[in-house]
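**Q** So the numbering used here is basically just the index in the sequence shown, starting at one, shifted up by 41.
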Amino acid sequence: MFNRICRSIFTRRESNLNRGWLRAKVQVGGEGSAGLAGARAERGEHPSGARGTSCAAARSLQRNMALLPGLLVLSLSCLQGPCSAFSSASAMEHFGQQVISGLSQEKISPLLLLKLGNQEPGGQAALKKAPEDCKKAPTPEQTHRLAQAMMAFSTDLFSLVAQRSSSPNLILSPLSVALALSHLTLGAQNQTLQRLLQVLHADSGPCLPHLLSRLCQDLGSGAFRLAARMYLKKGLPIKEDFLEQSEQLFGAKPMSLMGRKEDDLANINQWVKEATEGKIENFLSELPVDTVLLLLNAIHFQGFWRSKFDPSLTQRDSFHLDEQFTVPVDMMQAHTYPLRWFLLEQPEIQVAHFPFKNNMSFVVIVPTHFKWNVSEVLANLSWDILHQPLLRERPTKVQLPKLHLKCQLDLVGTLGQLGLQELFQDPDLRGISDQRLVVSGVQHQSTLELNEAGVEAAAATSVAMSRMSLSSFIVNRPFLFFVLEDTTSLPLFVGSVRNPNPGAQQERKEQQDSPDEKDFFQSLKAFPRGDKPFGPDLKLEPPSEEDYPQIDSPK
42 MFNRICRSIF TRRESNLNRG WLRAKVQVGG EGSAGLAGAR AERGEHPSGA RGTSCAAARS
102 LQRNMALLPG LLVLSLSCLQ GPCSAFSSAS AMEHFGQQVI SGLSQEKISP LLLLKLGNQE
162 PGGQAALKKA PEDCKKAPTP EQTHRLAQAM MAFSTDLFSL VAQRSSSPNL ILSPLSVALA
222 LSHLTLGAQN QTLQRLLQVL HADSGPCLPH LLSRLCQDLG SGAFRLAARM YLKKGLPIKE
282 DFLEQSEQLF GAKPMSLMGR KEDDLANINQ WVKEATEGKI ENFLSELPVD TVLLLLNAIH
342 FQGFWRSKFD PSLTQRDSFH LDEQFTVPVD MMQAHTYPLR WFLLEQPEIQ VAHFPFKNNM
402 SFVVIVPTHF KWNVSEVLAN LSWDILHQPL LRERPTKVQL PKLHLKCQLD LVGTLGQLGL
462 QELFQDPDLR GISDQRLVVS GVQHQSTLEL NEAGVEAAAA TSVAMSRMSL SSFIVNRPFL
522 FFVLEDTTSL PLFVGSVRNP NPGAQQERKE QQDSPDEKDF FQSLKAFPRG DKPFGPDLKL
582 EPPSEEDYPQ IDSPK
C-alpha cells in the first residue's frame, strides 16, 4: 500500500518536475544561513516512491533562472513489535521497499534520513552527547579534511551509481546523502556507527554531524538551502537527546501524527504547500497504515553565472555521442568567457570552472576520448586536483549545452555495496529508540536546470597541468560535472551527461577532424603522442610560454 501511495505521489509530482523537483523556490539574496534547516525544511518534498532508477533530460528551460534541488528519503521500519517510523532525508534513494523476511516490520516513509545525527560507539541505549569540542567553530584543518572526505564519499557513491544505472544521464547530491547518513550517526551505536563513519571517510567521530551542519550553514548565503522536518506517531518512544540534536543540528523540528488520518494529511499537506510557496498542493492523498516516523529533508541550490550567457547567441548545434552519432541540442555560447581551466595529462581530461556569483562553481570535466567510464575518470580527480584556487581566469570562447535533467535513484543496493548492508538488516539504532528499527528504503531524487542565467538546482605520482592559450572550450561530447563550493571545494552535486537530448533521433555525423588537426592535437605539450582519436571539440592554440607547475597528488 505504501509503495502504491508513493507511486501516485510521484505521478502527481512528475508533472511539476520541469519547474524544479523541490518546489521550494529559493531566491538568491533571500534569507541568511540562520535557521537553514528549520523554515527551509518545509521545502523538503514528498516521497516519490518509484522503483529503480529513472533519469531523464529535456530541452525546455526557464530563461532567467536555474536550479539544483535534491530530495533524499530514508525509511525506517520495526524489526519486531508495534512501532512505526517515517523518515525522510535529503536527496537520494527509494522509499521503504524492503521487508526483513520472517520479522514484523512497519515501514517508515522515505523522508527521514537527513535528520539523523551522530553518536559515539558503544554504550547502552542512551544517546551520548558529543563532546564540548564539537560545538566550537571548525578549524581550517577540520574543514579541509571534511571536504576531502566528502569528495572521496562522492566519488565512491557516484561511481557505484553509474555502474548500476543504464541511464545516459545522472545527477545526485552526495552532500544530501552524507547529511542523511550523518544524521543517522546521532542514533547509531557500536558497529553500525563505525560502518557509517568508514563509508563517509570521516575521522571526526562524534563531531561529524556538528561539522557538516556548521559547514552547510555557511554555504551560499541564500543560494543554498537545507530544509528538514520530522513527523512522529503519537506515543512512539524517541530518545530526547536524538530529538534535541536533530532539531539543533539539522533543523528537523518534530511534529506529531495524531492518528487521525484526515487531520494528519491536512497538516502535512499544508506544511508542504507553505514550504513550497504553493507550488505543491495535496501532496499526500493517504497515509501509509504503518507510518510511525516521517522525516523530510531537502537540499536546494540556485546559482547565477557571474558572467551570464547571451540568450541571443544560443543556437541549435550537435552533441557528439560517440565517433559516429550526434543529437541536436541548444548550445549556449560566449566569445570571451572568463574561465578557469586546466588539462590533465594522464588521463587526458579537460577541467573547467564556470563561476557562480555566490562563491560556487559549475565544474565541467570532459575526457578527450569517447570511451571512458565514470569510475576511471573520478579515480583521477581527487579533491586535491579539483581544488585549484590559484588558477587564473582567462577569456575563452565557450559552448555549453542547455540542460534539464531529472534523476530518481534507489540507493539501497548502492549503499549496501559501499558497506552499509547492516542498515537494512539489523542495525544498532538504540540512540533513536529502544524499539528495534531497520532502514527499509532510501530514495534520492535530483534535478538540474542549466541555462543562460545559471543553474537552479591518490597515489604517489605527480599530475602535470599545462597552460595553453585556449581558443575554445566546447562541451559537445559526454562529460561529468560537479557543483562545488569554491573555498573548500565541497561537492554539493555531481552528475554525468552522455546524451543531453535522449528523446531526439540520433544522426550519423560526418568526419570533422582532418589528419593534420589530429596530428596537431597529438603534438600539444599537454598530451603525449598516441593512437587515441580526439573529438572535434578540442580546438586549442599552440602552447603559450607559461606552464602550470606540476602538482603532486597526495601521497
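Virtual Cβ for every residue (Gly too), placed ideally from N, Cα, C.
Could you give the residue range of the alpha helix (DSSP H) that holds residue 257?
**A** As a position in the sequence shown, residue 257 is number 216, starting the count at 1. Run containing residue 257: 249-258, per the alpha helix (DSSP H) assignment.
**Q** Where does residue 285 fall in DSSP's three states?
**A** For the purposes of this step, residue 285 is taken as the residue at position 244 of the sequence shown. Helix, per DSSP.
**Q** Quick one: measure Cβ to Cβ for residue 301 and residue 461, integer angstroms, because I've assumed they're closer than 8 angstroms.
**A** Position 260 of the sequence shown, counting from 1, holds the residue named residue 301. Position 420 of the sequence shown, counting from 1, holds the residue named residue 461. With 8 angstroms as the limit, residue 301 and residue 461 do not qualify as a contact, their Cβ atoms being about 36 angstroms apart.
**Q** Rounded to the nearest angstrom, what separates residue 391 and residue 272 at their Cα positions?
**A** For the purposes of this step, residue 391 is identified with residue 350 of the sequence shown, where counting begins at 1. For the purposes of this step, residue 272 is identified with residue 231 of the sequence shown, where counting begins at 1. Answer to the nearest angstrom: the Cα atoms are 46 angstroms apart.
**Q** In terms of DSSP beta bridges, what is residue 438 paired with?
**A** For the purposes of this step, residue 438 is identified with residue 397 of the sequence shown, where counting begins at 1. DSSP, once it has assigned bridges, lists 513 as partnering residue 438.
**Q** Between the Cα of residue 603 and those of 367, 218, 356, spot the shortest distance and give me the residue it belongs to.
**A** In this structure the chain extends from 42 to 596, so residue 603 is not present and cannot be described.
**Q** Going straight from the alpha carbon of residue 362 to that of residue 409, what length do you get?
**A** Taking the first residue of the sequence shown as 1, we reach residue 362 at position 321. Taking the first residue of the sequence shown as 1, we reach residue 409 at position 368. So the two alpha carbons sit approximately 13 angstroms from each other.
**Q** The alpha helix (DSSP H) with residue 424 in it runs from where to where?
**A** By one-based count along the sequence shown, residue 424 stands at place 383. 424-427 is the extent of the alpha helix (DSSP H) around residue 424.
**Q** Relative to the alpha-carbon of residue 213, which residue among 195, 228, 225, 224 has its alpha-carbon at the smallest distance?
**A** The count along the sequence shown starts at 1 and reaches residue 213 at position 172. Ranking 195, 228, 225, 224 by Cα distance to residue 213 puts 195 first.
**Q** Among the candidates 298, 422, 516, whose CA atom is the shortest distance from the CA of residue 437?
**A** What you label residue 437 is simply residue 396 of the sequence shown in a count that begins at 1. The candidate whose alpha carbon is nearest that of residue 437 is 516.
**Q** Where does residue 393 fall in DSSP's three states?
**A** By one-based count along the sequence shown, residue 393 stands at place 352. The answer is strand: DSSP assigns residue 393 an E or B state.
**Q** Can you tell which of 487, 531, 494 has its C-alpha closest to the C-alpha of residue 252?
**A** Counted from its first residue, the sequence shown places residue 252 at position 211. Closest by alpha carbon: 531.
**Q** Starting from residue 232 and walking both ways along the alpha helix (DSSP H), at which residues does that stretch end?
**A** Taking the first residue of the sequence shown as position 1, residue 232 is located at position 191. 231-240 is the extent of the alpha helix (DSSP H) around residue 232.
**Q** Decide if the segment 521-535 is in contact with the segment 395-404; the criterion is three or more beta carbon pairs, one per stretch, under 8 angstroms apart.
**A** yes
**Q** Looking at the structure shown, is residue 375 part of a helix, part of a strand, or coil, going by DSSP?
**A** By one-based count along the sequence shown, residue 375 stands at place 334. Three-state DSSP puts residue 375 in a strand.
**Q** So, at 7 angstroms on beta carbons, what are the nonlocal neighbours of residue 182 in its own chain, with the 5 sequence-adjacent residues on each side left out?
**A** Numbered from its first residue, the sequence shown carries residue 182 at position 141. Within the same chain, residue 182 has no close Cβ partners at all.
**Q** Is the beta carbon of residue 361 within less than 7 angstroms of some heavy atom of the ligand ZN?
**A** Among the components of this structure there are no ligands whatsoever, and the ligand ZN is therefore not found.
**Q** Can you check which of these residues, 259, 529, 282, is closest to residue 424 by C-alpha distance?
**A** Taking the first residue of the sequence shown as position 1, residue 424 is located at position 383. Residue nearest to residue 424 within the set 259, 529, 282 is 529 (criterion: CA-CA distance).
**Q** Assuming residue 469 contacts residue 226 (C-beta within less than 8 angstroms), just tell me the rounded distance between them.
**A** Counted from its first residue, the sequence shown places residue 469 at position 428. Counted from its first residue, the sequence shown places residue 226 at position 185. Contact between residue 469 and residue 226 does not hold, since their C-beta atoms are separated by about 11 angstroms, which reaches or exceeds 8 angstroms.
**Q** Straight-line CA distance for residue 371 to residue 197?
**A** The residue given as residue 371 occupies position 330 in the sequence shown. The residue given as residue 197 occupies position 156 in the sequence shown. If I take the Cα positions, the gap works out to 32 angstroms.
**Q** Indicate the three-state DSSP secondary structure (helix, strand or coil) for residue 357 in the structure shown.
**A** Counting from 1 along the sequence shown, the entry for residue 357 is found at position 316. If DSSP states are grouped into helix, strand and coil, residue 357 belongs with the strands.
**Q** Under 8 angstroms by Cβ, that's how I've got residue 444 and residue 380 pegged, so tell me the actual separation to the nearest angstrom.
**A** The count along the sequence shown starts at 1 and reaches residue 444 at position 403. The count along the sequence shown starts at 1 and reaches residue 380 at position 339. About 18 angstroms separates the two Cβ atoms, so there is no contact after all.
**Q** Tell me which residues share the same chain as residue 428 and place their Cβ nearer than 7 angstroms to its Cβ, disregarding the 5 neighbours each side in the sequence.
**A** Mapped onto the sequence shown, residue 428 falls at position 387. If we look at residue 428 and ignore the five residues flanking it on each side, its Cβ neighbours are 530.
**Q** Leaving aside the five residues before and after residue 255 along the sequence, list all residues of the same chain whose C-beta is less than 8 angstroms from its C-beta, in chain order.
**A** Indexing the sequence shown from 1 puts residue 255 at position 214. Closer than 8 angstroms at Cβ, skipping near neighbours: 178, 179.
**Q** Looking only at C-alpha atoms, which of 487, 519, 364 sits nearest to residue 548?
**A** Indexing the sequence shown from 1 puts residue 548 at position 507. Ranking the options by Cα distance to residue 548, first place goes to 364.
**Q** With burial defined as no fewer than 16 other Cβ atoms inside 10 Å of the residue's Cβ, what is the status of residue 546: buried or exposed?
**A** Stepping through the sequence shown from its first residue, residue 546 is reached at position 505. The residue in question, residue 546, is exposed, as its Cβ has fewer than 16 Cβ neighbours within 10 Å.
**Q** Helix, strand or coil for residue 410 per DSSP?
**A** Looking up residue 410 in the sequence shown gives position 369. Three-state DSSP puts residue 410 in coil, outside helix and strand.
**Q** Using alpha carbons as the reference points, say which of 200, 349, 244 lies closest to residue 175.
**A** Translated into the one-based positions of the sequence shown, residue 175 becomes position 134. Comparing Cα positions, the closest option is 244.
**Q** Quick one, are the C-beta atoms of residue 463 and residue 352 less than 8 angstroms apart?
**A** Here residue 463 is taken as the residue at index 422 of the sequence shown, counted from 1. Here residue 352 is taken as the residue at index 311 of the sequence shown, counted from 1. Not closer than 8 angstroms, so no.
**Q** Cα separation between residue 258 and residue 366?
**A** Within the sequence shown, residue 258 is the residue found at index 217, counting from 1. Within the sequence shown, residue 366 is the residue found at index 325, counting from 1. Between residue 258 and residue 366, the C-alpha separation is close to 45 angstroms.
**Q** By alpha-carbon positions, which one of 448, 396, 203 ends up nearest to residue 433?
**A** As a position in the sequence shown, residue 433 is number 392, starting the count at 1. For residue 433, the nearest C-alpha among the options comes from 396.
**Q** What is the DSSP secondary structure of residue 597, reduced to helix, strand or coil?
**A** Nothing in the structure corresponds to residue 597, since the chain is present only between 42 and 596.
**Q** Would you report the Cα separation of residue 480 and residue 186, rounded to the nearest angstrom?
**A** Taking the sequence shown and counting its residues from 1, the one referred to as residue 480 is at position 439. Taking the sequence shown and counting its residues from 1, the one referred to as residue 186 is at position 145. Here the alpha carbon of residue 480 sits roughly 28 angstroms from the alpha carbon of residue 186.
**Q** Can you give me the C-alpha to C-alpha distance between residue 474 and residue 229, rounded to a whole angstrom?
**A** Start at 1 with the first residue of the sequence shown, and residue 474 comes out as number 433. Start at 1 with the first residue of the sequence shown, and residue 229 comes out as number 188. Distance between the alpha carbons of residue 474 and residue 229: 10 angstroms.
**Q** Which value, in whole angstroms, describes the spacing of the CA atoms of residue 358 and residue 421?
**A** The residue labelled residue 358 in the question sits at position 317 within the sequence shown. The residue labelled residue 421 in the question sits at position 380 within the sequence shown. One C-alpha to the other measures close to 30 angstroms.
**Q** Please tell me whether residue 600 and residue 208 are closer than 8 angstroms, where the distance is taken between their beta carbons.
**A** For the chain, the structure presents residues 42 to 596; residue 600 sits outside this window and is missing.
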